[in-house]
Structures are given as structure tokens and as C-alpha cells.
Amino acid sequence: LVLRRGPDVRPRRGGERVVLIAGAVVPTLILIGTYVATLGVMGANREPPQPAELTVEVVGHDWWWEVRYPDFLTANEIHIPVGRAVHVQLRTADVVHSFWVPSLTSKRDLIPNQDNDLWLLADEAGEYRGQCAEFCGAQHAGMAFLVVAQPAAEFDAWLADQAAPARTPTDAVAARGQQVFESASCASCHTIRGTTADGVVGPNLTHFGSRQYLGAGAAPNDPGWLGGWIANSQTVKPGNLMPPQPLAPEDLTALIAYLETLE
Amino acid sequence: MSAPATVTSAATRPRAVAREVPAGRRPGWWGMVLTLVTDVAAFAALLAAYFYVRFVTTGADWPPGDIADPKLLKAWIMTALLVTSSAPLVFADLGIKKGRRGRLLVGVGLTLLLGAAFLYVQYSEYTEKLTTEFTPQTNAYGSLFFVITGFHGLHVVLGVLTMLVVFVAGATGRITRKHHAVVRIAGLYWHTVGAVWVFIFASLYLAAQL
Amino acid sequence: MHGGLLAHGAAEPGSTLGPTVALVGVAAAVVAVYLAGVARLRDASPCSSWSWRRYAFVAGVAVLVAVLLPPVEPVVEDSFPAHMTQHVVLLLVAAPLLALGAPGLPFLLALPRRWRHRVAVVRAAGPVRRGRALATVPVLVVAVHAAVVSAWHLPVLYDAALTSTAVHVTEHAAFLAVGWWFWSLVTLPTAQLDGRAVLYVVASGLPMNLLGAVLTFAPRPLYPAQTGTGPDALTEQQLAGLLMWVPAGVVSLVLCAVLVLLWLRRLERESPAGVPLPPPGVPAEIRVATREEVQR
Amino acid sequence: MTTLEERKAAEAAVGEQLEPIWEESGGLRGWFTTVDHKKIGRRYMVTAGLFFTVAGLEAVVMRTQLARAQLDVVSPDLYNQLFTLHGTTMIFFFATPMLFGFGNYLFPLMLGARDMAFPRLNAFGYWAFASAGLLMTSSLLFGAAPNGGWFAYVPLNEEQYLPGAGMDVYSLGLLLLGISTTVGGINFIVTALTMRAPGMSLNRVPVFVWALVVTSFMVVFALPPLNVANLMLFLDRRYGFHFFDPSAGGDPILWQHLFWLFGHPDVYIIVLPALGIVSAIVPTFSRRPIAAYPLIVLATIGTGVISFGVWVHHMFATGLPQLSLSFFSAASLIVTIPSGIQYFSWLMTIVLGRLVVRTPMLWILGFLVVFVAGGVTGVMFAVVPFDQQTTDSYFIVAHFHYVLFGGAVFPIVAGIYYWFGKFTGRMLSEKLGRWSFWLVFVGFNATFFPMHVVGLLGMPRRNYTYQSGLGWDGLNLVETIGAYVLTVGLALTLFNIARALRSGPAAPENPWGGDTLEWATASPPQDYNFPVVPTVHSLHPMWDEKTLATMVRDEDDPERTLTDGKQALRTSDLDGVPEHVVELPEETVVPLVTAGGLFVATLALVLGAPVVAASGGLLTVVGLVVWHWPRAARQEAQEAQEAQA
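Chains as they are written, first to last, in my numbering: chain A, 677 to 939; chain B, 1092 to 1301; chain C, 126 to 421; chain D, 40 to 684.
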């Protein structure tokens, strides 16, 4: 770009043609190319490469994910078989959320009274982090989930495990923990299949021990964090809908032990 | 500053600026037209919301739930009142253009009365609906019905108020042959509010029967 | 010119041949008369605009024939998107082209002298003159255009057009008439082309945009007679709506752009913008005022 | 040659007669009653600048919170209030009012008029804007700031999920502001159509005026959907209506349609006038008329029209029919073409001219760099699959800051440096301006460029915190450091302004050798702007000997001096032919009272006191009646008297 200096040679007019060609014609050509490419990708994305056999229903809640397999309910963890397309039905229990697993799929909103869906296909086994992408209130940032892609055999085993009811505790501490769970306010919000706890407000905890994270990705699922979570989850995930549970220390210990056995 | 300059030039150089009767469109006229454009856009947005809710979220059953089709008698009366009310206003406008103050007062007065009658019928329709049929809190249809008609009713209230101002100003001799633009501009508003009602009537009453 | 349309709804394929020939024949005759008129006009006063107006008119007739040809009709009847495309072409391509052809004068000149005289007498009559004046009130024209286009897409009338050939012919004639009328307002040499033309074009496009939006977002088929009620019906309806909305929008956008440029060119002719240069040399003005100036 | 001295001499004589007619009262009284477009314009700019500062500081707090993973600088709820308020303030209470301030100040000056078409409406617009902004900004102090996002999606923003006054402040505050913006826009259109100097046919109208007129038309059409939506939201929240309630036949997507039907045009409502500023500055510093004027005008109008057709591209992830997405993708691509035309028009002006770089131009050059990056990512968002992946991630935060900060703030700052002499009579320091520019330029890119990357790495926006170990930590730290640098850079310009106001060198009439009519007035202009109304002969009147000459020649022409009263010349809408002399209103407190009534009504509705609200509304109605009370007869009597004399 050479700026004119020296003698005054500024033209009064001119430039129209360059402006028209560089500003309108060339961009139009580029945009047409872009558009054709867009249509190509859109067409390719519409359907999975092979028909999806499994349908998982994901329901967004403030601020966690309910995951419904044909035979059972779980939360915040979606297991899929490697190399096989999975159809995901998206619904919401309250406000608009958005389902996004950056490494696997683009996002799709979960909208009241509307059935949206997408498909997932993982080429490699592994864990893929997903999260809510539409602002949904106080804990929008704390609404993550995990997609676990497993080889077919492993996946089938997981399906079978999850379909079973919760195992009955074998040791005394855990048994006491189950009692605490059923008698304290836990049971009014959470379900553990195989026990009397059948609340539907919070996540289903039947196989809670098998999950990697607490509170939709808020903290790792280990006894320390779990204790803190039960006692007062507001310190871990401020604003979430689970109230603090003032339990006696031994009850809390028992409860932690019980929940960790639910694998 | 000697003799008023504009008048001097009117005598010596009859240029456009000094014309006796103002030529072209006045700022007030443009201002009212644009206000009405944006206002009509607001009504269009409301009606679009109405049709959106009707077509997209509800099935063929409209009005939804137990709500009966809107009754037409009062709506026809309201339409007739508002549409006819434009005529005396045109009469008044043309009258004051010729300097006839009597025509101005009669015309504006009639429009005023017809507008008030419209409001009365709307009031009686509201009472009937609210007590026996549905309220804005019943469902989305109720909300839309009352907000659309209510927003329009508010426009009629403002229109009646405007007519009142024009009437009083006319009666006290503040509107004259040369300065009659206020009647024309207020008329623009009134006619538009009437025309908008026709669309509301067609959408909320007539089309709801389909 | 609409004779060919009578074939609309004809079930057996062989029967379209006659009407096709008729339609093309009528079109050819109209073009011939028009060209004869233009030839006379150019003899009388050589005006350059007629050279391109001829092309516009002929192109308009050609487009018209192409979308109304009897073999097209069964396609249109089967496919909602094709039908909407036909309407868009009638209103946004054929009508402006025909209007650009400004055929009034050529047709008049093509008439024998005595007839011409009679037409002139009728045109000059009071009521006719007032009517013609009324017909150039923009708000009125735009409103009628909008009303006619919207009305024909009400399910009642739309279904009627699909079931009755006569109604369908009327529909196309109505579109052509209001389209032609509207575009004459914008394109006629007598029209003072200015920014308002753009507003009119945008306003006249609104009903189609609105309808396009409704068809795109409606969750169920609105014209069962056209699309049926199956799962494909919805897709077909969406496509029809989108065609009315986006490509039609782009066409009218391009027309608007042309109108704006023509308008600016007219302004430029009447009062040139002028392109003075600032005082030459590296401008001494571009500097910060000196201390002395501050004190002064 | 007409020299400056000749012009000054001619003007001084006329000015003496005009001065007593146009002078407004000073002091506190004058502060509340003024209808002078220059005072109101300055006030718009200062107030908007204040909101910019507040919203900017909110952003700094947010960046501090996000500097590292899992920090606890602010609570989640406060963070949500901060980002909602930051967005709302920047979009509604900074960008548009700031540009309207420029417009208010410059419109009559550029058009060669004595004031806006509706001076009282202008004052009313300011008071409504200021009170709405006060309501919105101060809500943070009471912990009642909006916290549901500037886009306020439902059902999240229904009372059930976000109780409290926050979103009522939002919906009503925006309604009040909507009234202000609408009347402001109408005032611009009417002024441009009726108050242009004689001879200024539409092809001699500066691009800045075109841009603001197109913007105003967009306001007229785009704000109603937003206002309607906000009314619905308020009724839903406070009075149990069901517009957006899916359980009672309402529909959440309806909000999104209405909001984006406004929201997409709003991007251009913000950017177009800023691009107008660019078109005003580039020719001056390129020492050459702007290239391809008709095309740039066409592009401006085109942008305005097309932007109404592409709102759906904000909803690509909502599960609309695939088929429709492909069409809206095409429409969204088309909207970039007019911007390309404008861009190359500036480039050609620079290339064909003789570029002189002073601070204003430096900011424009910065704009040219940054805006093109925002434009390219904008095209990306028209590509449906890309949009579905990156929407609501930090990539889009980066994109729209490149468009809005790059496309609006850079030109606005350039405009401040360019016109500061005209606004205040003082010149800003070049040196500080350059330092400020480079700090802002570096800080801006350091803040927002990494956001592209972090967005592609999967970081969603509107998160008050994030987990460590996802590859986002380092980039977030860079962003925060960048934000501090950016803040220092902007603070330097503020300091520059404060210093110049106190002790800056006096501004000459036309310090940059500019081409438009505002440079014909004194710095700052007299109350009546132009002693002798110029007759315009070209697009660049100040470079045009013929136009300059008219300001001396018409010294004795009563139709160009209008010394009979507070008068202005009304010209025809298209060709700028003089039609009539209009009387402009005297200073008055009525606009303040009328806007005050609206403010009382709004505040009372937020606080849940309908009776007080009604009395506020009544006050507004009374104000309107007094305002519009016909005074024709008085004038006519006066005229009759004058005629006799």
C-alpha cells in the first residue's frame, strides 16, 4: 500500500469500480462458495452415518441433567457405545437449557413444550465433558455432565448393572446409612430403586456410587466432598436447590458410606 | 430591527419562504406520521404474537380451552362507531380550512362523542367477559385478547382526550384557517387508530370464528 | 392472453397442446402489436428509452408465457413450492418487466387512427381522468396490491383456486393486474422516481414476507387441498414459505437497490453533488493550536 | 476567495441581532429548561459516557472473577447481575445514546440548521433516557439489578424462576428507554427531512446524517417488538398473565422471535451511526472526497433493510426446521455485503487520497483492523453448523466485542478526538491520545482475541466460574490482564478530556480542515449555530468556494439570517428547496415534567404501587396537553399586527 506523497495528484472521483468489485462482487463470490460448503455440511450432519439403535432421553433440570435409558434413570452421566450412533431426545423440566458436548456434537436447546433431538457418535472410547450452554440461572456454570464412550461389551455390562435395583448394604454402617436416607428428608427428593425412597425432585441416586462427579460436575465424588455436599451443598454450589442437611455426625458418616456402596 | 423582514421580502421578493400559506409538509405532520408508523408496528407485533400463539402452540381448537368464540354484536357496534367517527372529523378539517369554526366544533364534538361511545361499549364488553368468560390470567389467549384490545382502548382514550383539547382550543379561537394543522395532525392519529381497530376486529373477532 | 390458462386442471396430458399453442399465439400477437406501436412511436419522435423498453416488455411476456404455459400447470398444482414460485415470478418478475415496457402508448399508437381518437376522448372524460388520478395515489395502490395478494392466500380462496379453473385464471389475472399497476407507479417515466419508491416496494412486499413467515413456522399444514396432510406436507409448506420469504425478498431487495441508485443518479443530474478538493498541499490546518493562540 | 475574516465580519453583524433571541437562561434554571440541541447533545454524551464507565467497571470485576479458575471475588448471583447489567447498559444505555448524543450535537450543524425539528422532544428524550439509565444502574446498589441476561429469555425470567424486582427493572427500564429512543429517532428523521440548509439535496447530505437517518428508521420499526415483548414480560411477572407460560398456552419461543426481531437490527442500530462517524473522519484525513458516495449510501440503506430479515440466525440452536436454517444462513450471509462496500469505500478514499494520521484517524485505522476481524467471524456465524457449535460460547463473546467495541467504541473515541474542539472549544492532547490508543488497541486484542480460542475450546459464556484443567486457565488470565490494560488506556482518554477541559489549548474553527458544515461554526458554536444560513452547493461544503461565499453574500438576506425571532428555515424533503420559516420553541420545563411523570410511573410500577404509577401517568398526560396546546392564534394576531405595521 503506497500512500501518495509529493505533488498533489488527488483524484476527485474514482474508486467506484474498485469499491463495487472488491466490496460487493468478490465477497458475493466468496459467500456463494461458503454457502455451498455450508449446505454440504448441513446435509452431512442431518442424519447419523448409520441409523441410531439406542434412544436416550435427556431432561434438563435446574441445575442437573436427568438421563433416561429405556430401562432405568440416571443423572449427569451419559454412557454410549463407541462407534454407534445414539439418538438423544431433549426435554426440559423448567427453563431453557442447551445440550452441548463440544468434542462430540454441536449444541441444541432444551425448550419447554418442544421436542428437540440430536445424535451422538463417539469414534474413540473416553470421557467427553458436556455442559449447559444457555444461561439458566444462578448455577448455569455448575451444570455439567459427562459422556462416557465405552466399547460395546463394557457398555452392555454397564446397562445391565444400571438396570438392576440398588444393592442392599452388607455392612452395618451402610445399612444404618440406608435407614438415615429413608427416614431423613433425602427420600422426599431422591429415588433409590429397591428402597422406599422415591422422591422425584432431585437426581435418581440408585447407582450413585458409580458416578464420577457430584452435583452435575461440581465436585469429584469422594467421601470428603460428599460429606460436605450433604451437610451444606450451598458451599459447594451456591444457589442449588438442595437445602443443607443438619445430620448428626455419625448419621452423616453412615449415609456417606451407604451412598458410596451404590455402585 | 426595523420592519419584520419576512413581510418585507413578501412584498418585494415573493420567494417560497415568504408564501402566505405554508407550502410542503410541516415537521409536525412528519412527526405524527412516524409516530403512527412505530405505533402500528407495535400493533403488528401484538397481532403477530396473537397469530403466532394461535398457529404454533395451540391445535386447531381456538379459542383454547372452554372459552367460547367471541360474540360479535358488540364488536360490530364498536367497529361501526369508530369507523363512522372518522367522517365528522374530515368534515371538521375541511371546515376549518375554510375558516368555519362552527363546522370544526360540530365535527370534532361528534367524533368525541362517538369515541366515548366506543369506549363505553368496550367497557361493557370487558365487564361481561371478565365476570362470566375469562380474564387475562386465564391463559395466553386471555392475556393476548385483553392486552391487544386494552392497548387499543388506551389509544382511543388518548384520542378522545386529544379531541377534547382540539375542541376546547377551537372553542376559544386558537385554531384558525391559517393554523389548522393541529386538526389535520390529530385527525391522522384518529383515523389510524380507527383503521387499526378494523384489523383487530378482523383478527380477534372475525378470524376467531374460522 | 389468458386463454391458455383454461387448460388449468386438465387431467389428460394430450389436451394441453391446443391451449399452449393458443397462449403462445396470443402472446405473439400482443408482442407484435406492441412492437408495431413502438415502431410508429420511434418514427414520430426518436426517444432512446424505447430501445430498452422493448426488451423489457418482450422479456416480460416471455416470462409470463413460461410460468403460465399449460404444461406448467399440473406441476404447480402438485407442488406447493412450485406454485408459490409461480406467484412470486408473476408479481416480482413479470409485472415489473411489463410495466417497464410502458405499453400504454405503443398500444394506443398501434390502433387505427379513428379508434385512437375515440380512446383519447374516453381518456379525457372527467370521471375517467379522476379515476386515473386516483389510480396513481401511492398509498391506495400499495394497499390494493397488499389486499389482493393477501386475500388470494386466504385458505378459502386458495382452495377455491385449486379446485376451479375459472377461479385460478381470475387469481392469476388479478396478480398480474395489481402487479402491473403497482410497478407502473414505480417505473413509469412520468413517475418522479425518488426514495418513496423504495418504501412502496418494501411495503408491497410485506404481505408476502408475512405469509412466508407464517408458512415457515406453522406446525401443521394450512392448505390441505394443496399439500395433503402427510409428514411431507409440512416440509413442502415450509419450502413454499421460505421461497416466498427469502428468495423473493432478495429479488425485491435488488430491485430496491436499483431504485435507490437510479434515484441518486437523478438527484445528481438535477443538482450535482460536486466534489471539491480541500486546499492543496499537506494541510496546515491539521495541527494543534499553538500556545499563543490559547492566550489569544 | 472568501476568507475566514470576511466571513467572520459578515457573521458578527448578524450575530448581534440573533444573540438576544437565542440566548437561554443560565444557571440551574437553564439546566432544567434548555431545549438547545448542543447542550442536550453534550448531556447525552456525558451521561452515556458515565454509564459506559460504570458498565466497564462491571466488566473489570467480572474479568477479575474469571482471572483464575474457581475464584470467589463475587457471588454467582452478583456475577449474574453484573453480566446482565453490563450487556444491557452497554447496548441500550451507552452505545445508542452516545451516538444519539453525537447526532443531536452534529445533526443541525452538519445540515446547516439552527436546531432540531422538535427541540422540546429532544429535551424530553434526554430526560427519559437519563431517568431510565439511573433506574437501571442504581438498581445494582439495592441488590435488585436485572439478573436474567440482557436477552431475558423466558421462562427463566418469569417470576417463578427469578423472583425479585431485578427483571421488572429491566423490562420497565427498557420500555422507558424505548420511548426515549423512539422519539429521538423520529426527531432525527424529521430534522433531516425538513431542516436541511437550502440547496442540500439528498445527494449532498453527509454520510453520517444518512447513517443516523437509516438508524432512526430502524429504531422506528425495530423497537416496537422489543417494547411489546417487555410489556408482556412485565405483565407475566407482576400480574400473572401467560404470554410466555408454556403451561397455559403461552410460548417461550415467542419471546425469542420478538426479542431478536429487535435484537438483530439493533446490532446495526449501534454500528451504522458509528460507521457514519468513520465516513465523516476518513475524507478529512485523506484530504479527498469520499469514494463511491452513492454506493456507500446504498449500502447504508441496504444494511438497514436486510437486517430485519435475519433475526432467526440467533436461534439456530433452538431446533427450528433444518430447511429454514439453510435459507436463513443465506440471508445472514447477504447482510455482510453492504458492510464490504462501506469498508472498501473507506479504503479507496485512503488509498486515493493523501493520508494524514492524527489521533482521530489513528483510532479509525484501529477500527479498520479490528472491525474486519469481527466481520470475518460474523460470516462464520452465518454458517449454520459452525454457529450451532460456537453460539453461546466465548467465541461469540469475542465476535460481538470485535464488532461492537471495534465497530462502535473505536469510532466513538475517534469522534470524540475529532469533534472535541467543536464540542468544548478546547483541543485534546495528541500525545495522550496516541498513548491511549495504543494501550486500548493492545489491551482490546489481549482481552478479546483469546476469547475466540477459549470459546473453540468449549468454554460457555455467562459462567461465573470454571473448572481448572480444561485448558482455559492461561487464556483467561491473559484476557484479564488485557482488560486491565484496556481500562488504563480508556482512563487515559478520560484524563485527557479532564485536562483539556481545564487547560487545553483553544480550538480553532476548523482545526482539521474538515469538509462538513459544522466546521463553519465557531468552536463551540453560538446558540444560533449559523448567523447566516449557508446555501449548499456540494457534498463537501467547507471545501467548496461557492458554498462558503453564500455565508458572506447573504448577510443582508432576511431569508438567510432570520432575525425576526427564534426561527429556522424549513426546506423541502428531497431537494432542499426553502419552503417556510418555522418558529422554534423557547426554553421550557415541560419536557422535564413530562418525562418526570413517566419516571415516577415506572418507578412506582417496579415498587408495586399502581396508584402512584397512575398519578405519574396523569402528570405525563397533563405535560403533553400543555406542551401541545395550540398557540396559533397568538402568533396569528402577532403576524396581523406586524402586517399592519
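Ideal placement from N, C-alpha and C gives every residue a C-beta, glycine not left out.
Anyone know if the C-beta pair for D/A313 and D/G446 falls short of 7 Å?
As a position in the fourth sequence, residue 313 of chain D is number 274, starting the count at 1. As a position in the fourth sequence, residue 446 of chain D is number 407, starting the count at 1. It is a contact, given that the beta carbons lie within the stated cut-off.
Counting along the chain, where does the alpha helix (DSSP H) carrying A/G736 start and finish?
As a working note, residue 736 of chain A is residue 60 in the first sequence. Where A/G736 is concerned, there is no enclosing alpha helix (DSSP H), although the beta strand (DSSP E) it sits in stretches over 730-737.
Helix, strand or coil for A/S909 per DSSP?
Looking up residue 909 of chain A in the first sequence gives position 233. It is helical.
Could you compute how far the alpha carbon of B/L1210 sits from the alpha carbon of B/H1282?
As a position in the second sequence, residue 1210 of chain B is number 119, starting the count at 1. As a position in the second sequence, residue 1282 of chain B is number 191, starting the count at 1. Their Cα atoms are separated by approximately 16 Å.
Where A/L935 sits in the DSSP three-state scheme
As a first step, residue 935 of chain A must be located in the first sequence, where it is residue number 259. A/L935 falls in the helix class under three-state DSSP.
Would you report the Cα separation of C/A343 and D/Y200, rounded to the nearest angstrom?
Counting from one through the third sequence, the residue named residue 343 of chain C turns up at place 218. Counting from one through the fourth sequence, the residue named residue 200 of chain D turns up at place 161. Going from the Cα of C/A343 to the Cα of D/Y200 covers about 29 Å.
Spell out whether any CB of chain C is found under 7 Å from the CB atom of B/A1109.
Taking the second sequence and counting its residues from 1, the one referred to as residue 1109 of chain B is at position 18. Caution is warranted here: a pLDDT of 41 is assigned to B/A1109, below 50, making its placement in the model unreliable, and no coordinate value can be reported.
Can you give me, in chain order, the residues of the segment 342-362 of chain C that have a beta carbon less than 9 Å from any beta carbon in chain B?
F342, A343, P344, R345, L347
Would you mind telling me which residues of chain D sit closer than 9 Å to A/T714, beta carbon to beta carbon, in chain order?
Translated into positions along the first sequence, residue 714 of chain A becomes position 38. Within 9 Å Cβ-Cβ: S365, S368, A369, L372, A421, V422, V423, P424, F425.
Report the residue from D/L359, D/T323, D/V113, D/Q381 whose alpha carbon sits nearest the alpha carbon of D/G341.
To locate residue 341 of chain D, count along the fourth sequence from 1; it is residue 302. With distances taken between Cα atoms, D/G341 lies closest to D/Q381.
A/T844 classed as buried or exposed, judged by whether at least 16 other C-beta atoms fall within 10 angstroms:
Residue mapping note: residue 844 of chain A aligns to position 168 of the first sequence, counting from 1. Classification of A/T844: exposed, given that the 10 Å Cβ count is below 16.
Cβ-based contacts, 9 Å cut-off: residues of the segment 1121-1134 of chain B near chain C
Within the segment 1121-1134 of chain B, no residue qualifies.
Residues that A/M918 contacts on chain D, provided the C-beta gap is smaller than 7 Å:
For the purposes of this step, residue 918 of chain A is taken as residue 242 along the first sequence, with counting starting at 1. Those do not exist, as A/M918 stays about 15 Å from chain D at its closest Cβ, beyond 7 Å.
With a 10 Å radius around its C-beta and 16 neighbouring C-beta atoms as the bar for buried, classify A/D953 as buried or exposed.
One cannot answer for residue 953 of chain A here, as it falls past the ends of chain A, which runs 677 to 939.
Ignore the nearest five residues each way along the sequence and tell me which others in C/L347's own chain have a CB closer than 8 Å to its CB.
In the third sequence, residue 347 of chain C corresponds to position 222, counting from 1. Residues of the same chain with a CB within less than 8 Å of the CB of C/L347, apart from the 5 flanking positions on each side, are P280, V339, L340, Q362 in chain order.
Bridge partner(s) assigned by DSSP for A/D874
Taking the first residue of the first sequence as position 1, residue 874 of chain A is located at position 198. A/D874 pairs with A/T867.
Do the CB positions of D/Y441 and D/M490 come within less than 7 Å of each other?
The sequence position of residue 441 of chain D within the fourth sequence is 402, counting from 1. The sequence position of residue 490 of chain D within the fourth sequence is 451, counting from 1. Contact: no.
Buried versus exposed call for C/G229 [16 or more other C-beta atoms within 10 Å across all chains shown]
What you label residue 229 of chain C is simply residue 104 of the third sequence in a count that begins at 1. When all chains shown are included, C/G229 counts as exposed.
CA-to-CA distance, D/P399 to D/Y456, given in whole angstroms:
The residue labelled residue 456 of chain D in the question sits at position 417 within the fourth sequence. The residue labelled residue 399 of chain D in the question sits at position 360 within the fourth sequence. If I take the Cα positions, the gap works out to 5 Å.
Alpha carbon to alpha carbon, how far is B/G1115 from D/H619? Give it in angstroms, no decimals.
Here the question's residue 619 of chain D lines up with position 580 in the fourth sequence. Here the question's residue 1115 of chain B lines up with position 24 in the second sequence. Spanning the two alpha carbons is a distance of roughly 8 Å.
Within 10 Å of its beta-carbon, does B/K1162 have 16 or more other beta-carbons around it, so buried, or fewer, so exposed?
As a position in the second sequence, residue 1162 of chain B is number 71, starting the count at 1. Its Cβ having fewer than 16 others within 10 Å, B/K1162 is exposed.
Indicate whether at least one CB of chain D lies closer than 7 Å to the CB of B/A1101.
Along the second sequence, read from residue 1 onward, the residue named residue 1101 of chain B stands at position 10. Note that B/A1101 scores a pLDDT of 37, beneath 50, so its modelled location is shaky; the value from the coordinates is reported in the next line. Closer than 7 Å: no.
Span separating the alpha-carbon of C/L189 from that of C/L331:
Counting from 1 along the third sequence, the entry for residue 189 of chain C is found at position 64. Counting from 1 along the third sequence, the entry for residue 331 of chain C is found at position 206. Their backbone Cα atoms lie some 23 Å apart in a straight line.
A/C808 (DSSP reduced to helix, strand or coil):
Reading the first sequence from its first residue, position 132 is the one you call residue 808 of chain A. The answer is strand: DSSP assigns A/C808 an E or B state.
Would A/H883 pass as a contact of A/L938 if the rule is Cβ separation under 7 Å?
To locate residue 883 of chain A, count along the first sequence from 1; it is residue 207. To locate residue 938 of chain A, count along the first sequence from 1; it is residue 262. Their beta carbons are under 7 Å apart, which means A/H883 touches A/L938 by this criterion.
Could one say the Cβ of D/S210 lies closer than 7 Å to chain A's Cβ atoms, at least one of them?
To locate residue 210 of chain D, count along the fourth sequence from 1; it is residue 171. No, D/S210 does not count as interfacial toward chain A.
Would B/L1205 and B/S1177 be called neighbours here (beta carbons separated by less than 7 Å)?
Residue numbering aside, residue 1205 of chain B sits at position 114 when the second sequence is read from its first letter. Residue numbering aside, residue 1177 of chain B sits at position 86 when the second sequence is read from its first letter. Cβ atoms of B/L1205 and B/S1177: not closer than 7 Å.
Contacting positions in the segment 1156-1186 of chain B - beta carbon closer than 8 Å to chain C:
Cβ contacts with chain C: none found.
Using only CA atoms, which one of D/M581, D/E45, D/T127, D/V100 lies nearest to D/P115?
As a first step, residue 115 of chain D must be located in the fourth sequence, where it is residue number 76. Checked all of D/M581, D/E45, D/T127, D/V100; the closest Cα to D/P115 is D/V100.
Which same chain residues, not among the five before or five after D/T429, have their C-beta less than 8 Å away from its C-beta?
For the purposes of this step, residue 429 of chain D is identified with residue 390 of the fourth sequence, where counting begins at 1. Excluding residues within five positions, the ones whose Cβ falls inside 8 Å are M419, F420, I435, G494, L495.
Span of the beta strand (DSSP E) around A/T768:
Locating residue 768 of chain A in the first sequence gives position 92, where the first residue counts as 1. 762-768 is the extent of the beta strand (DSSP E) around A/T768.
Spatial distance of D/L274 from B/I1239 (CA atoms):
Within the fourth sequence, the letter at position 235 stands for residue 274 of chain D. Within the second sequence, the letter at position 148 stands for residue 1239 of chain B. If I take the Cα positions, the gap works out to 13 Å.
C/V266 beta carbon less than 7 Å from that of C/L310
Here residue 310 of chain C corresponds to residue number 185 of the third sequence, with the count starting at 1. Here residue 266 of chain C corresponds to residue number 141 of the third sequence, with the count starting at 1. Cβ distance < 7 Å, so C/L310 and C/V266 count as in contact.
Rounded separation between B/G1276 and B/V1259 - CA only:
Your numbering for residue 1276 of chain B matches position 185 in the second sequence. Your numbering for residue 1259 of chain B matches position 168 in the second sequence. Residue identity differs from the one stated: residue 1276 of chain B is Ile in this sequence, not Gly. Whole-angstrom Cα-Cα distance: 16 Å.
Touch check for the segment 374-389 of chain D and the segment 701-709 of chain A: three-plus C-beta pairs under 8 Å?
Below 8 Å, enough C-beta pairs join the segment 374-389 of chain D and the segment 701-709 of chain A to call them touching: three or more.
Does the beta-carbon distance from D/V632 to D/G662 come in below 7 Å?
On the fourth sequence, position 593 is the one that residue 632 of chain D refers to. On the fourth sequence, position 623 is the one that residue 662 of chain D refers to. Yes, the pair counts as a contact, with Cβ atoms nearer than the cut-off.
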